[in-house]
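Written out below as structure tokens is the structure these notes cover.
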Amino acid sequence: HPVNIPRKEKDFQGMLEYKKEDEPKLIKNLILDLKPRGVAVNLIPGLPAYILFMCVRHADYLNDDQKVRSLLTSTINGIKKILKKRGDDFETVSFWLSNTCRFLHCLKQYSGEEGFMKHNTSRQNEHCLTNFDLAEYRQVLSDLAIQIYQQLVRVLENILQPMIVSGMLEHETIQGVSGVKPTGLRKRTSSIADEGTYTLDSIIRQLNTFHSIMCQHGMDPELIKQVVKQMFYIIGAVTLNNLLLRKDMCSWSKGMQIRYNVSQLEEWLRDKNLMTSGAKETLEPLIQAAQLLQVKKKTDEDAEAICCMCNALTTAQIVKVLNLYTPVNEFEERVSVSFIRTIQMRMRDRKDSPQLLMDAKHIFPVTFPFNPSSLALETIQIPASLGLGFITRV
Amino acid sequence: PTQRQRPRVLLKAPTLAEMEEMLTSEEEDSP
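Residue numbers (the working numbering), protein chains in the order written: chain A, 9 to 402; chain B, 172 to 202.
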């Protein structure tokens with residue numbers, strides 16, 4: 009009887025052999041039919057990327073350029089197909105953004121180019137591609153990753169958008185702080201969120217969900233930082249734009265509410281060790297608008313202080329907030345026209361944009377810093393749940 | 172890294188857009 013001697017990992021070379029005719033099945037099982045919430049939950053982060061790369065390695069080992077081209081093209085088209093089909097699902101987009109980046113890093117790490125081998129073990133250096141230079145395919149994969157990242161931003165924006173105004177502006181996170189109704193205005197919301205309205209907690213819970221999914225998928229930490237920075241920018245821009253368009257949002261107490269909400273978002277960044285992501289800085293215009301609602305607005309000294317403080321707001325935005333400002337009670341006066349004139353005079357040299365609203369659709373350029381993996385390819389095993397029995401570890 | 176015998180051959184890659192066309196024609200061909 010042929011004795012099935014289990015080969016030790018040291019015998020494997022970290023490649024996966026498959027028949028050319030099985031390529032469609034490989035793409036179907038590993039990309040098109042793979043559910044991030046299904047079997048993928050138990051996979052090591054980036055496993056699909058490692059499997060695809062180990063297949064590329066074997067085709068390279070065979071010196072079969074057609075097989076390499078076909079696999080790379082089918083992989084890229086397979087990912088595009090699944091993102092066309094399920095591109096509004098955050099988990100799917102996050103999963104394939106993470107795996108596309110991991111695949112890109114593998115193509116670099118094992119390219120044989122000195123600059124990408126600094127962190128390799130000697131064994132990993134033995135696993136570098138031997139026949140083909142795939143630099144052009146790396147560029148195509150990088151273009152694909154940019155497309156997937158922009159799709160991820162659209163998906164998270166669609167999820168966050170309905171929560172922002174309600175959670176950041178309307179809902180009274182600090183109950184009762186605006187107990188005194190602003191003069192002449194009906195109080196918009198009760199201090200306890202009505203059923204169906206979002207609160208600041210709703211936003212923070214959603215941030216937690218996004219963050220844990222991206223971590224579970226093994227997304228590069230530097231990329232997670234960029235996603236979080238983009239999310240905070242959207243929250244800050246949508247909140248500020250609504251504040252600039254709504255008289256009922258320009259009061260001392262709203263300034264207090266906004267500052268408290270921003271402090272809770274900063275707390276979240278600290279908890280997730282994301283203070284270096286640049287996310288907090290994207291909230292600066294909103295922070296300054298909230299401060300503007302709370303500072304004194306009477307004397308020349310007040311005008312001087314405001315001009316120094318509001319370096320992240322345009323003149324148009326400052327003037328708008330001052331015009332909309334609604335005193336908390338009859339004892340407080342409105343902001344005088346002369347005071348606003350003083351502000352305009354002091355800021356006439358600024359030559360800043362006449363634009364009033366922030367561009368809430370702006371997407372920061374994304375980068376994918378090289379992130380080599382310490383995972384040893386020869387140790388990778390393919391779970392039976394992936395249905396890839398037709399592939400052979402080599 | 173071990174001294175290489177011969178340089179790796181650069182594989183020319185189609186652009187994403189060209190791949191998109193392949194994908195579209197593939198989808199049109201398939202029943």
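Glycine included, each C-beta is placed from N, C-alpha and C at the ideal position.
For this session: With DSSP collapsed to three states, give me the class of glutamate 25/A.
Result: Indexing the first sequence from 1 puts residue 25/A at position 17. Three-state DSSP puts glutamate 25/A in a strand.
Problem set entry | Nearest candidate by alpha-carbon position, reference asparagine 319/A, set Asp308/A, Lys328/A, Met355/A | Reading the first sequence from its first residue, position 311 is the one you call residue 319/A. If we check each option's Cα against that of asparagine 319/A, Met355/A comes out closest.
Exercise. Can you tell me the Cα-Cα spacing of tryptophan 276/A and glycine 263/A, whole angstroms?
Worked result: In the first sequence, counting from the first residue as 1, residue 276/A sits at position 268. In the first sequence, counting from the first residue as 1, residue 263/A sits at position 255. Cα-Cα distance, rounded: 20 Å.
Exercise. Do leucine 187/B and valine 148/A come within 7 Å of each other at the CB atom, strictly closer than that value?
Worked result: Locating residue 148/A in the first sequence gives position 140, where the first residue counts as 1. Locating residue 187/B in the second sequence gives position 16, where the first residue counts as 1. Yes.
Exercise. Looking at the C-beta of alanine 184/B, does it have a partner C-beta in chain A at a distance below 7 Å?
Worked result: Locating residue 184/B in the second sequence gives position 13, counting from the first residue. Yes, because at least one Cβ of chain A sits closer than 7 Å to the Cβ of alanine 184/B.
Problem set entry | For leucine 403/A, three-class secondary structure by DSSP | The structure shown does not extend to residue 403/A, since chain A spans only 9 to 402, so no value can be given for it.
Exercise. What is the rounded straight-line gap between the Cα of glutamate 312/A and the Cα of lysine 288/A?
Worked result: Counting from 1 along the first sequence, the entry for residue 312/A is found at position 304. Counting from 1 along the first sequence, the entry for residue 288/A is found at position 280. The alpha-carbon atoms of glutamate 312/A and lysine 288/A are separated by roughly 26 Å.
For this session: Could you check which residue in Leu79/A, Pro53/A, Lys36/A has the C-alpha nearest to that of leucine 24/A?
Result: Here residue 24/A corresponds to residue number 16 of the first sequence, with the count starting at 1. Here the closest residue by C-alpha is Leu79/A.
For this session: Decide if glutamine 389/A is buried, meaning its Cβ has at least 16 other Cβ atoms within 10 Å, or exposed.
Result: Against the first sequence, residue 389/A aligns to sequence position 381. Taking every protein chain shown into account, the CB of glutamine 389/A has fewer than 16 other CB atoms within 10 angstroms, so this residue is exposed.
Exercise. Can you tell me whether DSSP reads leucine 181/B as helix, strand or coil?
Worked result: Taking the second sequence and counting its residues from 1, the one referred to as residue 181/B is at position 10. Of the three classes helix, strand and coil, the one that applies to leucine 181/B here is strand, per DSSP.
Exercise. Apart from the five residues just before and just after glutamate 121/A, which ones in its own chain have a Cβ nearer than 6 Å to its Cβ?
Worked result: For the purposes of this step, residue 121/A is taken as the residue at position 113 of the first sequence. Within the same chain, no residue comes within 6 Å of glutamate 121/A by CB-CB distance, once the 5 residues on both sides are set aside.
Problem set entry | Separation of alanine 392/A from leucine 137/A, as counted between CA atoms | By 1-based counting over the first sequence, the position of residue 137/A is 129. By 1-based counting over the first sequence, the position of residue 392/A is 384. Rounded to whole angstroms, leucine 137/A to alanine 392/A spans 27 Å at the Cα level.
Exercise. For glutamate 29/A, which residues in chain B fall below 9 Å Cβ to Cβ?
Worked result: Here residue 29/A corresponds to residue number 21 of the first sequence, with the count starting at 1. By Cβ distance, chain B contributes nothing, its closest Cβ being about 16 Å from glutamate 29/A, past 9 Å.
Exercise. With a cut-off of 7 Å, does the C-beta of tyrosine 157/A fall near any C-beta of chain B?
Worked result: Start at 1 with the first residue of the first sequence, and residue 157/A comes out as number 149. Taking CB atoms only, tyrosine 157/A has no neighbour in chain B less than 7 Å away.
Exercise. How would you call histidine 127/A, buried or exposed, if buried means at least 16 neighbouring beta carbons within 10 angstroms?
Worked result: For the purposes of this step, residue 127/A is identified with residue 119 of the first sequence, where counting begins at 1. With a 10 Å radius around the Cβ and a threshold of 16 neighbouring Cβ atoms, histidine 127/A comes out exposed.
Exercise. Which chain B residues are close to alanine 2/A, counting only those with a beta carbon under 8 Å from its beta carbon?
Worked result: There is no way to answer for residue 2/A, as the model of chain A reaches only from 9 to 402.
Exercise. What did DSSP end up calling arginine 146/A once you bin it into helix, strand or coil?
Worked result: Here the question's residue 146/A lines up with position 138 in the first sequence. Helix at arginine 146/A.
For this session: Give me the Cα-Cα distance between leucine 300/A and leucine 321/A, rounded to the nearest whole angstrom.
Result: Counting from one through the first sequence, the residue named residue 300/A turns up at place 292. Counting from one through the first sequence, the residue named residue 321/A turns up at place 313. Straight-line Cα distance between these residues: approximately 10 Å.
Problem set entry | Residue range of the alpha helix (DSSP H) that includes serine 106/A | As a position in the first sequence, residue 106/A is number 98, starting the count at 1. Taken as a continuous stretch (DSSP letters only), the alpha helix (DSSP H) holding serine 106/A covers 98-117.
Exercise. For valine 180/B, does the count of other Cβ atoms within 10 angstroms reach 16, so buried, or fall short, so exposed?
Worked result: The sequence position of residue 180/B within the second sequence is 9, counting from 1. Flag for valine 180/B reads exposed.
Problem set entry | Minimum Cβ-Cβ distance from serine 198/A to chain B less than 7 Å | As a working note, residue 198/A is residue 190 in the first sequence. Here the model assigns serine 198/A a pLDDT of 41, short of 50, so the residue's position is not dependable, and the following value carries that caveat. Output row for serine 198/A: interface = no.
Exercise. Listing by chain order, which chain B residues have their CB less than 7 Å from the CB of phenylalanine 124/A?
Worked result: Taking the first sequence and counting its residues from 1, one reaches residue 124/A at position 116. Those do not exist, as phenylalanine 124/A stays about 11 Å from chain B at its closest Cβ, beyond 7 Å.
For this session: Tell me where the alpha helix (DSSP H) around leucine 60/A begins and ends.
Result: The residue given as residue 60/A occupies position 52 in the first sequence. Segment 55-69, the alpha helix (DSSP H) holding leucine 60/A.
For this session: Pick out the complete alpha helix (DSSP H) segments inside the segment 276-305 of chain A, 4 residues or longer, and give them in chain order.
Result: Positions of the alpha helix (DSSP H) runs, each at least 4 residues long and wholly inside the segment 276-305 of chain A, are given as 287-290, 292-302 in order along the chain.
Exercise. By Cβ distance, which residues of its chain are closer than 6 Å to alanine 298/A, with the 5 residues on each side in sequence left out?
Worked result: For the purposes of this step, residue 298/A is taken as residue 290 along the first sequence, with counting starting at 1. Answer for alanine 298/A: Gly263, Ile266, Arg267, listed in chain order.
Exercise. Whole-angstrom Cβ separation of isoleucine 405/A and glutamine 158/A, contact assumed at under 8 Å?
Worked result: The question about residue 405/A has no answer, for chain A in this structure spans 9 to 402.
Exercise. Which two residues bound the contiguous alpha helix (DSSP H) that contains glutamate 178/A?
Worked result: As a position in the first sequence, residue 178/A is number 170, starting the count at 1. Careful: glutamate 178/A lies outside any alpha helix (DSSP H) and carries neither H nor E.
Problem set entry | Residues of its chain near alanine 368/A, where Cβ-Cβ distance is below 7 Å and the 5 sequence neighbours each way are ignored | Within the first sequence, numbered from 1, the residue matching residue 368/A stands at position 360. So the qualifying residues of the chain are Ile242, Ala245, Val246, Asn249.
For this session: Per DSSP, which residues does phenylalanine 140/A bridge with? Please list them.
Result: Looking up residue 140/A in the first sequence gives position 132. Answer is Val180/B.
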